[in-house]
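Residue numbers (my numbering): 34 to 737.
Glycine residues also receive a C-beta, built at the ideal position from the N, C-alpha and C atoms.
Keep in mind that this is a model prediction, so the values were computed, not measured.
Since the structure comes first, as structure tokens, the remarks are kept for the end.
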Amino acid sequence: MATIEDKYKRRLMTCMTHVLPEFDEAAKTCTLSLSDVKGIQTLIEHDNHENRRKFENLIVEDACFRPYYNCSLDEQREHALRRLQAFCKKDIIKVQDFESNPMNIFMAHDAAALVDGSFATKLTVQFNLWGGTVYRLGSEEHRQFFANKTNSSDVVGCFGLSELGFGNNAVEMETTATYNKEDDTFSIHSPSVLSQKYWITNGACHAHFCVVFAQLIIDGKRQGVHGFITQIRDLKSLQTMPGCRVEDMGTKIGLNGIDNAKILFEQVRIPRSHMLSSYAEVEKGGNYVWKAGAKAPKLRERFLRLADQLLSGRLCISSMMIGATKVVTTISTRYMLTRLGVGPNGKSDTPILDYQLCQHEVFPLIARCYATQFYHNYVKRRYAARTKLGLDPNHDPGQLLREHMELVILCSSVKPVAAWLCDKAVVVCRERVGGVGFLEANGFGGMFAHAGITAEGDARVLCAKVTKELMEILEKGSNTAALNPIIDTAKYQVNWNDLETAVGNDAAKMQAMICEIEKLMANRVKLACDMFKQKLTEFMMKGDKAFRYKIFDANLKEFSDEIQLVAAAYAQWESVRAFNLVIKSAGQDPDLLHATTEKQPKLSAACVCVLGRLALLYAIDVLSEDAINCMNLGVMSPADLQSLRAMKASICKCLRPEIVSVLNGMGIDDRVIWRPIGKDWKNFNKGDNFGEVVDTGRYLTKES
């Protein structure tokens, strides 16, 4: 059997360096200029273009990024580690970027999806969950000691929040950190089987340190959940430290390059200085000091204040999931453009993408990908602005609080949307491409099993948080322009019979139509909020239960559908609004050019119309999916819904000739599309390759 070193030396098969001629033929129907496609790509990528190119070049040039699938569990983990180490050597991102350039961190997560989910997940734990947590919640001494060691991967870390018995209700976790006055230390302890830290990435093999979240106990009194830097392995030998019990979780349904662990602690002593102390600290002798305000809040609020500083994790996951969606839709659509099916004469002479079935399934996914990407880019801008404001010593505390409250909603909204989109794209595209989707080299399995689907648990819980926070802001009255369109909106209707605008080339009419749809989507949010508020008010007036029990029943047993509707309507409005910012400014709005070093040309009228059709298709898709609620809210009539079907069919037909430009606009570097169905899949299947895209020595034709 070949060693891992031998596998790294193997070259890609030649068929992985080019596409089929049929794909180039399909591109000839496109009318958009190269300048327009480049302009779309710049807007999609949004920021840090030079570092993105640097990352892509690394993937192409470093042999450790070449995929190899017939690997043992140990080899898969070694691959993921070596890729992380190779990435760290290039100094593309650093944990300090969370203050100086947070969008650079998110860019790297998007680009990491070009490799695989194991590498992307290992990267996010190293730089965000471990490095970012220590950098943002730790002391200056923590920053000085760990930041550069994390950047270089000399220190590998992990993140110990989730426990076997405590996930979304992490504030009730059982792991304890008890202060010891006699030697000025903390004792980290796992008192039960449910308290073991669970699914800890990097934990099984590679991590030296763990940020352990635990209940702080001083003189027998709980002070809430805080973070503690705990060494779990020797830096040189990688031997487990005394008192640390690390158990390998073994093989998973995918992403087996991630070394997940169960970790338990048996009275492990750490110095008092290892408590993450930017918000609270314990002084020598045991005095607890809350540093983030005049008075320490309640225990649950203390944890939430700490956890809300970790919003970047939701954007990191969103970045990974959108990156994976762009990959799967690109390779699948390429295949459907080149795979021939039955034509009118019974011959196999028609690309399967010409079938309405494929267009109606896949084109809305591509439209959702664009909409979600533009929404994600907007949230990134808001995150960067909030970060900059917080670092300003003269900032307005009230403004910072308002910005933070909205950012919590945005980050909690975009992450589920991106995760569900990836999940749906993988399932739909695998069905459309047929049996080739079953081959591991085509990547569907890894993307379907992506950890982002369940990171933080059930994403529906995050949606409940979106609704809760949004309703509270709207109840008080928004002081920000960002949410005013929801408050100020009136009942609005769109002429869904205007097919001429939808398929025509009048950019001004297209821009006006998208603006109308944006208003309708804002009105839908308000109506959904009003409906939920009315039902909640009526429910709370019934019965004689105490308030806390009534509100529990309302949120978790009575109105789950209404809560999810508000969150979905909000995310879809924000997506349309972000998309519309591109369309109505022809890509020239200053916000869209944030952190862009490349000159952005004004998009042509034809390009605006293509993007407008994608925005329309997105709106049609999400409104059709929610048809019953739209009618109940009075947003649409049954006749409107019939019109949507006709408009969807017309838009899909208009998009078909431009689909190669639309795919290229998503910016997936052709050099790193190492999925057979996205390249020369005919030559890939000419010889014995054992399902590998690198030369295994078995390939029998000269095409390799």
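DSSP state of residue i mapped onto helix, strand, coil
i, result
"V167", "helix"
"S68", "helix"
"Q256", "strand"
"A240", "coil"
"I393", "According to the sequence as given, residue 393 is His; it is not Ile. Of the three classes helix, strand and coil, the one that applies to H393 here is helix, per DSSP."
"I701", "coil"
"V469", "helix"
"Y651", "helix"
"E205", "helix"
"D624", "helix"
"W707", "coil"
"W606", "helix"
"Y582", "helix"
"L332", "helix"
"E215", "coil"
"E505", "helix"
"E89", "helix"
"Q264", "strand"
"I519", "helix"
"D673", "helix"
"W232", "strand"
"S737", "Interpretation of S737 is limited by its pLDDT of 37, a score under 50 that renders its predicted location unreliable; no figure is taken from the coordinates."
"C663", "helix"
Burial state of residue i, where buried means 16 or more other Cβ atoms lie within 10 Å
i, result
"K230", "buried"
"N427", "exposed"
"F592", "buried"
"D622", "exposed"
"F139", "buried"
"Q109", "buried"
"A545", "exposed"
"N541", "The residue you asked about is not Asn; residue 541 is Ala in the sequence shown. Result: exposed."
"A451", "buried"
"S270", "exposed"
"A113", "buried"
"V158", "buried"
"Q567", "exposed"
"V301", "buried"
Which listed residue (the options) has its alpha carbon closest to that of residue i
i, options, result
"T273", "A237, E207, P304", "A237"
"V643", "M564, A113, I399", "I399"
"A763", "L433, T405, Y403, A404", "This structure gives no information on residue 763, because the portion of the chain shown stretches from 34 to 737."
"K331", "Q256, L271, N293, L268", "Q256"
"L647", "C402, Q74, C121, G290", "C402"
"H437", "A488, I296, I350, L339", "L339"
"I665", "I385, L560, R176, V726", "First, the amino acid is wrong: residue 665 is Asn here, not Ile. With distances taken between Cα atoms, N665 lies closest to L560."
"N201", "N517, R333, A60", "R333"
"I747", "V466, P690, R493, F407", "With the chain running from 34 to 737 in the structure shown, residue 747 is simply not present."
"A482", "K254, K719, G198, I286", "I286"
"V128", "N181, A474, H307, D57", "N181"
"G171", "M680, L309, K578", "L309"
"G576", "P275, A587, S352", "A587"
"L227", "L443, P275, D292, L297", "L297"
Neighbourhood of residue i by C-beta, 8 Å cutoff - its chain only, sequence neighbours within 5 removed
i, result
"M554", "A602, Q605, W606, V609, R610, A652"
"N84", "I125, I126, N137, M140, A141"
"T362", "V395, L398, I399, C402, A458, C462, L696, M699"
"F305", "The sequence shown places Arg at residue 305, not Phe. Hits under 8 Å: Y212, D217, T218, F219, V315, K317."
"D387", "R689"
"I616", "M543, Q544, I547, V641, L644, G645, A648"
Close Cβ partners of residue i (< 7 Å) along its chain, the five nearest in sequence each way excluded
i, result
"I92", "F98, L147, V148, V705"
"Y102", "E473, A474, G724, E725"
"K741", "Residue 741 lies beyond the stretch modelled for the chain, which goes from 34 to 737, so this question has no answer here."
"H239", "L114, V189, D292"
Other residues of its chain near residue i: CB distance less than 6 Å, five sequence neighbours each side excluded
i, result
"T263", "I221, C243, V245, I303"
"K583", "M573"
"Y488", "This sequence places Ala at residue 488; Tyr is not what is there. I350."
"V668", "R557"
"F477", "V459, R463, G470"
"I596", "A497, T500"
"N410", "H79"
Below-9 Å beta-carbon distance, residue i vs any chain D residue
i, result
"E505", "Here there is only one protein chain, and chain D is not present."
*Which whole runs of the alpha helix (DSSP H) in the region 96-184 are 4 residues long or more, in chain order?*
Runs of the alpha helix (DSSP H) inside the region 96-184: 106-122, 130-133, 135-145, 150-157, 166-170.
*Quick one: which unbroken beta strand (DSSP E) runs of 3-plus residues sit fully inside the region 358-419? Chain order, please.*
Complete beta strand (DSSP E) runs here, min 3: 373-375, 381-384.
*Which runs of the alpha helix (DSSP H) spanning at least 4 residues fall entirely within the region 415-490, listed in chain order?*
Listed in chain order, they are 430-466, 477-481.
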